[in-house]
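The structure appears right after this line, and notes come after that.
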């Protein structure tokens, strides 16, 4: 009976598709976590190099109230407030989905997406630059 | 069935191809949950793109399975794709994007494109599933499906192209573009170019003969310089009649009731049941029809080793079996055939005289049994429904070595299948023609 074969085939394919999706999802994460480990090492060196500038920018970041919403040691998004650790290692900004680059961070600071207020009047262009540099070190 | 297996494996590989590609070539992982969501979306897109291949009546694909089975697979796998695509944003939200992705309003345009696509996918699937219950006419549904399907694919393409990191990989971009072009070309070919070509060289209606009260046989002859293509007895074709301008022009599929041994013409025997078929008797000699076929795998010629066959027919379901019987007669085949033919009343028996003439000869060795559920008082034959008891009565207890061909109303066919299984007939020996593509 072709219908029985059909049902079994469809079910079989469904199960295989799910398995492939899961297995390769896991595989991708295990393979890539190794690569990340490598990158982290490079970052530590970069951080040390920029520590002077990074530190004062961290104070600015806190001073301007950014830390009230954004954790710098977490990647987790809580109620639309994304943690910013490793921001520049991601491809997209967490809420707007725009590509991660200085231009789009500036855009977000001046005319922000979603919940965040605008910092257009509260940051000078030079301060914006320092915050962007700081975000790169996270 | 090895041909079928090869095609299924090819399908499996192609559908999962983007998952292999992105796992090996993609750079960053976003966590298992997110990546699962992403993989589901990739698979979903591939399934939907290949749906165009399944539905376009491509002979190479159809040959191995039969169109009735293929179109059912098309429907079932559409459900899988829809489920995967629904899971996609949910898993992404769970995987770190946050619920704002689902409920937020202030999202980039390409996310909205994805949401629109998802809603349209669900609409397409739900309408497809409940078309009958919604009382939607086939033609209306088909028009809707023709509009929705390419739109959905295009929207998903745009959404993934702008949203997915994976679409920054060149092999993925190539795959995506190739799939989109393939799907849309098949669509245009299937819905516009081929019908136009068939329309330009239509067959001519040679005869419209009334078989019984509401059943007509329409005989078609090919246009000059053309012959009727090879077909197997029991296969079907799609016909679009061009008649009086007041009559509807719709494409429907009907079993071919003539035998391929008849080279000059090809016939379909059609019962007036639906909106369209009720006008079949108004078809006149000299009208024309576009013919597309043959399709299907319901033919004894595909199982040459069978020497003892049981045909179980109900009403108009006799047509493919009639084609096979005519073929056996014309090729002087000597196999044994038992035909149990169910109808309500005596005057509803189609092809009665011809069946009795075949039964009187030796080609094939036909045992013909009519079963009537509402006979007149003077009926001497069997009464009641065609069921397991009838099979016991005429085929005996030992059914091994026999194969069963079932064609008739859905309820009758399903009951017979249950009865045959209860009598230990293996599934491989039960063949069923499924008339409707919709249920």
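Chains as they are written, first to last, in the working numbering: chain A, 1 to 138; chain B, 1001 to 1439.
By construction, the Cβ of each residue, glycine as well, lies at the ideal position given by its N, Cα and C atoms.
- At a cut-off of 8 Å, the C-beta of residue 1028/B has a neighbouring C-beta in chain A.
- Taking residue 1213/B as reference, the option from 1034/B, 1309/B, 1271/B and 1073/B with the minimal CA-CA separation is 1271/B.
- Three or more Cβ pairs closer than 8 Å define a contact, and the region 1085–1098 of chain B meets that threshold against the region 1112–1123 of chain B.
- Residue burial is scored here from C-beta neighbours: residue 1408/B has at least 16 other C-beta atoms within 10 angstroms and is therefore classed as buried.
- Per DSSP, reduced to three states, the secondary structure at residue 1060/B is helical.
- Listed in chain order, the non-local C-beta contacts of residue 1275/B below 7 Å within the same chain comprise 1137, local neighbours out to five positions each way being set aside.
- Spanning the alpha carbons of residue 20/A and residue 1132/B requires a straight line of approximately 35 Å.
- Given a length threshold of 3 residues, each whole run of the beta strand (DSSP E) inside the region 1338–1408 of chain B is given here in chain order: 1365–1372 and 1403–1407.
- C-alpha of residue 1215/B to C-alpha of residue 1269/B: approximately 7 Å in a straight line.
- Measuring C-alpha to C-alpha distances from residue 16/A to each of 1008/B, 1023/B and 1075/B identifies 1008/B as the nearest.
- Using a Cβ-Cβ cut-off of 7 Å, residue 113/A is close to 1106 of chain B, given in chain order.
- The closest CA to that of residue 1244/B, considering only 1423/B, 1375/B, 1205/B and 1337/B, is found on 1205/B.
- Residue environment: residue 1135/B is assigned as exposed (fewer than 16 neighbouring CB atoms within 10 Å of its CB, all protein chains considered).
- A residue is called buried when at least 16 other Cβ atoms come within 10 angstroms of its Cβ; residue 1037/B meets this threshold and is buried.
- Contact annotation: in the region 1016–1041 of chain B, residues whose CB is within less than 9 Å of a CB in chain A are 1016, 1019, 1020, 1022, 1023, 1024, 1026, 1027, 1028, 1029, 1030, 1031, 1032, 1033, 1034, 1035, 1036, 1037, 1038, 1039 and 1040.
- Taking the Cα positions, residue 1164/B is about 58 Å away from residue 1285/B.
- Under the 8 Å criterion on CB atoms, residue 1063/B is classed as non-interfacial with respect to chain A.
- Annotation: residue 1201/B is outside any beta strand (DSSP E) and is labelled neither H nor E by DSSP.
- Against chain B, the beta carbon of residue 100/A has no neighbour under 7 Å; the closest one sits roughly 11 Å away.
- Assigned with DSSP and collapsed to three states, residue 1234/B falls in coil, not helix or strand.
- Shown here for residue 1253/B: same chain residues with a beta carbon closer than 6 Å to its own, the five before and five after excluded, namely 1236 and 1238 in chain order.
- Going by beta carbons, residue 1371/B and residue 1382/B fall inside the 8 Å limit.
- Of all alpha-carbon atoms in 62/A, 70/A, 117/A and 91/A, the one lying nearest the alpha-carbon of residue 127/A is that of 62/A.
- The beta-carbon of residue 1423/B is placed no less than 8 Å from the nearest beta-carbon of chain A.
- Under the Cβ criterion of 8 Å, residue 1100/B is counted among the residues facing chain A.
- Bridge pairing for residue 1216/B: 1210/B and 1270/B [DSSP].
- The beta carbon of residue 110/A sits closer than 6 Å to the beta carbons of 120 from its chain, once the five residues preceding and following it are set aside; these are given in chain order.
- Across the structure, residue 1325/B and residue 12/A are spaced so that their CA atoms are roughly 37 Å apart.
- The alpha-carbon separation between residue 1083/B and residue 1233/B amounts to approximately 39 Å.
- By the neighbour-count criterion, in which a residue is buried when 16 or more other Cβ atoms sit within 10 angstroms of its Cβ, residue 1413/B is buried.
- With a threshold of 8 Å between beta carbons, residue 110/A makes no contact with chain B.
- A distance below 8 Å separates the beta carbons of residue 1098/B and residue 77/A.
- Closest option to residue 122/A, judged by alpha-carbon separation, among 60/A, 103/A, 113/A and 100/A: 60/A.
- Near chain A, meaning a CB-to-CB distance below 8 Å, the residues of the region 1286–1314 of chain B are 1297.
- Considering only 1143/B, 1167/B, 1120/B and 1175/B, the residue with the shortest C-alpha distance to residue 1151/B is 1120/B.
- At a cut-off of 8 Å between beta-carbon atoms, residue 1073/B makes contact with chain A.
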